Every structure is written in C-alpha cells, then in structure tokens.
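Student:
In our numbering, the protein residues as written are 87 to 158.
Quick look at the structure:
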C-alpha cells in the first residue's frame, strides 16, 4: 500500500479521526488541488494512442467520473 503525505494542508480535529492525530479526510475541493503522477500511454475505444496522467485518471475513477480499473 502506498501512502500520500501532504505536509502543507492544515490539520483539523474531527471526531472520527481523534484517535489518529494528523490524519483527516480531504474535502472534494482539496482533492481537486492535488496534482501529480506519471505519464502513461493509453488507447481508448481503438482510437490512436496518447498519454494520460495516471494520478488524474485514478482520481477520476475514485470520484466516479469515469469507470474502469485503476492504473498501477
């Protein structure tokens, strides 16, 4: 399992996370500000190939905007 550490986000104290100091969920607005990942080759529906950012694709799958398997 990989861990993403973001050190510049303000840590709030939420009841569900009191047992784990420094850990909290990100809001949808904060998730949209995160960028990163690798450029990977991709083809969609037999069209000519291109490149995509795997982090952006995985976030879109997680948010339910697109369907498919996560890129590893």
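Glycine included, each C-beta is placed from N, C-alpha and C at the ideal position.
All values reported here derive from a predicted model rather than from experimental measurement.
1) Measure the alpha-carbon distance for residue 156 versus residue 127 and round it to whole angstroms.
2) With respect to the alpha helix (DSSP H) encompassing residue 120, which residues constitute its N-terminal and C-terminal limits?
3) Kindly indicate which residue of 124, 113, 114 and 119 has the alpha-carbon position closest to the one of residue 141.
4) Taking just the CA atoms, how far does residue 146 sit from residue 129?
5) Using a Cβ-Cβ cut-off of 7 Å (strictly less than) and excluding sequence neighbours within five positions of residue 136, which residues of its own chain qualify?
6) Among the residues of its own chain, which have a CB less than 8 Å from the CB of residue 153, if the five just before and after it don't count?
7) Measure the alpha-carbon distance for residue 144 versus residue 117 and round it to whole angstroms.
Tutor: Here's the rundown:
1) 14 Å
2) Taken as a continuous stretch (DSSP letters only), residue 120 belongs to no alpha helix (DSSP H), as it is neither H nor E.
3) 124
4) 17 Å
5) 128
6) 147
7) 12 Å
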